[in-house]
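Everything below concerns the one structure shown next.
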Amino acid sequence: MSLPRKNLWKWRSSLTIEKIDVYSEFYDLLAQIPEGFVSTYGDLAIQLGDIVASRAVGEMLSENKDPVRFPCHRVVMSDGTLGGFTHPLGVKEKVDRLKRDGVIVVNGRIENFEKIRFREFRSKFPLKRFRNSIKGIRFRDSDDFPTEMRAMDISYSGRKGIGVAVDFGKELSFEIVVREVKSPYIPNYLYLREGEIYEEIVEKNRMNIIDGNGILHREMKGVATLVGANRNVSTVGIAKSLLTGEVKGEKVFVDGLAVGVKCGKYYISPGYRTNVRGSFNILKNSRYFPHTKYPDRISRRYRDEVLPHQYSI
Numbered sequence: 014m015s016l017p018r019k020n021l022w023k024w025r026s027s028l029t030i031e032k033i034d035v036y037s038e039f040y041d042l043l044a045q046i047p048e049g050f051v052s053t054y055g056d057l058a059i060q061l062g063d064i065v066a067s068r069a070v071g072e073m074l075s076e077n078k079d080p081v082r083f084p085c086h087r088v089v090m091s092d093g094t095l096g097g098f099t100h101p102l103g104v105k106e107k108v109d110r111l112k113r114d115g116v117i118v119v120n121g122r123i124e125n126f127e128k129i130r131f132r133e134f135r136s137k138f139p140l141k142r143f144r145n146s147i148k149g150i151r152f153r154d155s156d157d158f159p160t161e162m163r164a165m166d167i168s169y170s171g172r173k174g175i176g177v178a179v180d181f182g183k184e185l186s187f188e189i190v191v192r193e194v195k196s197p198y199i200p201n202y203l204y205l206r207e208g209e210i211y212e213e214i215v216e217k218n219r220m221n222i223i224d225g226n227g228i229l230h231r232e233m234k235g236v237a238t239l240v241g242a243n244r245n246v247s248t249v250g251i252a253k254s255l256l257t258g259e260v261k262g263e264k265v266f267v268d269g270l271a272v273g274v275k276c277g278k279y280y281i282s283p284g285y286r287t288n289v290r291g292s293f294n295i296l297k298n299s300r301y302f303p304h305t306k307y308p309d310r311i312s313r314r315y316r317d318e319v320l321p322h323q324y325s326i
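Residues in the sequence shown are numbered from 14 upward in steps of one, following this note's numbering.
What follows is the structure in structure tokens.
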């Protein structure tokens, strides 16, 4: 079940993954939409660098705390209909603000939509930059990896990420870090949201089990692979859903290569400095599987019971 040693798996050690603040770059784009014009969720996603970010655009609009500086009411659907609006008065307030901008709304649709559809953004295309920064990263296949395990997961309270790592020794022990995240969830870009937290809690001499994918990813560079490569540690990913690939028996294939294994309702894939068989065996033979349930429970409890008191003053 181990991966064939093709050029695909060669590794370049001289790499730097760019740390990108997606929130900051998104709001900079939003501020560029002039009075009297509108843009769309998809247009903004394209300016971020990938249309898959469209749903994340809606999330960031709903979190906007400065609607004067960042006019979220100027973002509508691709057909010119208004879409939603996070305000006590709802879409009515969106219509009123658009009218004050000089935009005509008729029956819930922007009049002369294409004429006032703003596309002249000055963008740094953050998601494209990120993809470019990881081009040199390749999966490092290895049969020599630690057998002591450390599992990690992250829960959220707004933009605060609560990262928990649990060590499985004679007794369970854990570590907690709380950090501000710089990106919403964007499919295939989980590293931008969670990578920095995981990189802070991985350990060199353990098999680091990460809630997410390894090479079971559209570019074979899931969060577990990128974290492992950036820190040069052994990692394996456990995911609850299949975003790419095809399941045949217990194996998961991408472009004809076995890149993971289905184990119950979970998908296991090597991240870095391990292999498919090693990742599967080290996890399935442990009584703690799925290991990420332990940090998940602790992070949620910390979020609900501890964090509110720490930030209430």
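Beta carbons are placed, not taken as given, at the ideal position from N, Cα and C, and that holds for glycine.
Cβ contact (3+ pairs, closer than 8 Å) linking the region 275-287 and the region 221-228: The region 275-287, when compared against the region 221-228, does touch it at the 8 Å Cβ threshold.
Go ahead and pull the three-state DSSP assignment for I129. Shown here, I129 sits in a helix according to DSSP, grouped into three states.
Using only CA atoms, which one of K141, I46 and G93 lies nearest to I64? Out of K141, I46 and G93, the CA that lies nearest to the CA of I64 is found in K141.
Restricting to Cα atoms, I'd like to know which of K32, R314, Y301 and G269 is closest to N145. It is K32 whose Cα lies nearest to the Cα of N145.
What's the call for L43, buried or exposed, on a 16-neighbour Cβ count within 10 Å? L43 comes out buried.
What is the rounded straight-line gap between the Cα of Q323 and the Cα of F187? Going from the Cα of Q323 to the Cα of F187 covers about 19 Å.
To the nearest angstrom, how far is the alpha carbon of D166 from that of K173? Going by the C-alpha atoms only, they are around 13 Å apart.
Buried or exposed (CB count within 10 angstroms, at least 16 for buried), E207: E207 comes out buried.
Within the same chain, show all residues whose beta-carbon is closer than 6 Å to that of L303, passing over the 5 residues directly before and after it, in chain order. Sequence check: residue 303 is Pro here, not Leu. Setting aside the 5 residues that flank it on each side, P303 is surrounded in the same chain by I251 and Y279, each with a C-beta closer than 6 Å to its C-beta; the list follows chain order.
What runs of the beta strand (DSSP E), each 3 residues or longer, lie entirely inside the region 170-220? The region 170-220 contains these whole beta strand (DSSP E) runs: 173-181 and 185-193.
So G269 and V249 are supposed to be a Cβ contact under 8 Å. How far apart are they, rounded? Rounded to whole angstroms, the Cβ separation of G269 and V249 is 22 Å, and the two are not in contact under 8 Å.
Boundaries of the alpha helix (DSSP H) in which F266 is found, first to last residue: Membership of F266 in any alpha helix (DSSP H) is not indicated; the residue belongs instead to the beta strand (DSSP E) covering K264 to V267.
Would you say S247 and S168 are within 9 Å of each other, going by their C-beta atoms? Not closer than 9 Å, so no.
Tell me where the alpha helix (DSSP H) around K78 begins and ends. K78 -> no alpha helix (DSSP H), and no H or E assigned at all.
Nearest-angstrom beta carbon gap, A66 and I199 [assumed within contact, 8 Å]: Yes, they are in contact, since the Cβ atoms of I199 and A66 sit about 5 Å apart, within 8 Å.
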